[in-house]
Amino acid sequence: MKQAASLILCKPVGRDGLFEVLMVKRNAQGTFKSLHVFPGGALDQSDNDSAWAPPASSSTNSSPALLPFRVAALRETFEECGITHQHILSNSNTSNSIQLDPKSLSDWQRRVKEDSTSYITFCKTASLPPLPTTSLVHWSHWQTPAPEKRRFDTHFFLTTLTTASPTPVIADATEIVDLEWLQPSAAIAAFQSGRIRLIPPQFLTMMELSRYTFEDLCALVKGEKERRVPGTCQPEPFKCKEDGGVLLLPGDLNHSATVNMVFRGEVQCGTKNRLKFGIADGVVTSIRIITTGGNDAMGALPNNTAKL
1 MKQAASLILC
11 KPVGRDGLFE
21 VLMVKRNAQG
31 TFKSLHVFPG
41 GALDQSDNDS
51 AWAPPASSST
61 NSSPALLPFR
71 VAALRETFEE
81 CGITHQHILS
91 NSNTSNSIQL
101 DPKSLSDWQR
111 RVKEDSTSYI
121 TFCKTASLPP
131 LPTTSLVHWS
141 HWQTPAPEKR
151 RFDTHFFLTT
161 LTTASPTPVI
171 ADATEIVDLE
181 WLQPSAAIAA
191 FQSGRIRLIP
201 PQFLTMMELS
211 RYTFEDLCAL
221 VKGEKERRVP
231 GTCQPEPFKC
241 KEDGGVLLLP
251 GDLNHSATVN
261 MVFRGEVQCG
271 TKNRLKFGIA
281 DGVVTSIRII
291 TTGGNDAMGA
301 LPNNTAKL
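According to UniProt numbering, the sequence shown is numbered sequentially starting from 1.
(1) Would you mind working out which of ALA297, PRO68 and ASP47 sits nearest LYS276, comparing C-alpha positions?
(2) Cα-Cα, which of LYS103, PRO39, GLY14 and PRO250 is closest to PRO230?
(3) MET23 lies in the beta strand (DSSP E); which residues open and close that run?
(4) So the candidates are ASP49, VAL262, PRO237 and ASN254; which of them puts its Cα closest to the Cα of THR144?
(5) Of all the alpha helix (DSSP H) runs that stay within the bounds of the stretch 157-220, which reach a length of 4 or more residues?
(6) What does a CB cutoff of less than 8 Å around LEU66 pick up in its chain, not counting 5 residues either side in sequence?
(7) To the nearest angstrom, how far is the alpha carbon of LEU22 from that of GLU180?
(8) Would you give the residue range spanned by the alpha helix (DSSP H) that ASN48 belongs to?
(9) To the nearest whole angstrom, what separates the beta carbons of GLU80 and GLU175, a pair I think is in contact under 8 Å?
(10) Three or more C-beta pairs under 8 Å: does that hold for the stretch 249-268 against the stretch 276-288?
(11) Output the boundary residues of the beta strand (DSSP E) element that contains ARG75.
(12) Buried or exposed: GLY265, going by 16 or more other Cβ atoms within 10 Å of its Cβ?
(13) Would the stretch 191-205 and the stretch 39-57 be scored as touching if the rule is three or more Cβ pairs under 8 Å?
(14) Between SER118, GLU215, ASP172 and ASP216, which lies nearest to residue 315 when the distance is taken from Cα to Cα?
(15) Just verifying my parser: in three-state terms, what is the DSSP assignment at LEU128?
(16) Tell me which residues share the same chain as PRO201 and place their Cβ nearer than 6 Å to its Cβ, disregarding the 5 neighbours each side in the sequence.
(17) With burial defined as no fewer than 16 other Cβ atoms inside 10 Å of the residue's Cβ, what is the status of SER63: buried or exposed?
(18) Excluding the 5 residues preceding and the 5 following CYS10 in the sequence, name in chain order all residues of the same chain whose CB lies nearer than 6 Å to its CB.
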């Protein structure tokens, strides 16, 4: 499996705790054909460079093993969207940011895309502060189902911007053909109407995010609140008479990882935690969550505060 990282980037929208999430549309020829996903991509060797190590005093949201994934999430977000980490640093009351003109940003995007080691050069040349790796909350860990030919081992991270004003984004015009900020409810509605295409990690993440206010997310980023990170999720194809063809999630009675989850008291025995797909012309057009016995589809079931 190819190791990868993805960034769930959120910004406030007006009042009442509303927020939008940045989504990018992949081109029609790549691995994720015309899908709306969060910015991200595969790890490169340069993501392990010692130059990215956070200060020794940093502990919030930190994990040495995940540092290369955090670096990759930030690097890929810059490559694909032109968003530099100076926008995130305001969460830590750091204001040493500089403004780069669109042409310079675009030129650096191209250089970093061609050679990932250029990301270090870019950060130094632009006098950018250290990467805010400790401001990235580890949100989830997904692995592509075993039957798939191309498989990814992807860690998802979440962070927030503190300004509601539009953040300049520049699509790389190769892998990415469009970018848009969407509230979780709007993303789900757009998927249900067929305007955008989603797959389980993005769909379930947007469902889960509907539980939160922007203030909740900022508290997680700042380390003022904690959230239990779900274990690794590797969906498993399954077929039964009652539900037909489904995709099992950890916690489902028939998922291979469930026995250990029952032993740890995380789920009840004999429960369902699965997804049923509607498919037309090879495209996923709907996703139905089937859960029983206290399962919540990786945190995706909305509660009474959901903005759906």
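Ideal Cβ positions, reconstructed from N, Cα and C, are used throughout, including at glycine.
Judging by the given coordinates:
(1) ALA297
(2) PRO250
(3) 19-26
(4) PRO237
(5) Complete alpha helix (DSSP H) runs here, min 4: 184-193 and 200-209.
(6) HIS138 and HIS155
(7) 6 Å
(8) It is not in any alpha helix (DSSP H) - ASN48 carries neither H nor E in the DSSP assignment.
(9) 6 Å
(10) no
(11) Looking at the DSSP string, ARG75 is not in any beta strand (DSSP E); the run it does join, the alpha helix (DSSP H), is 67-81.
(12) exposed
(13) no
(14) Coverage of the chain is limited to positions 1 through 308, which leaves residue 315 absent and any answer about it impossible.
(15) coil
(16) TRP142
(17) exposed
(18) PHE19, VAL21, THR160 and LEU217
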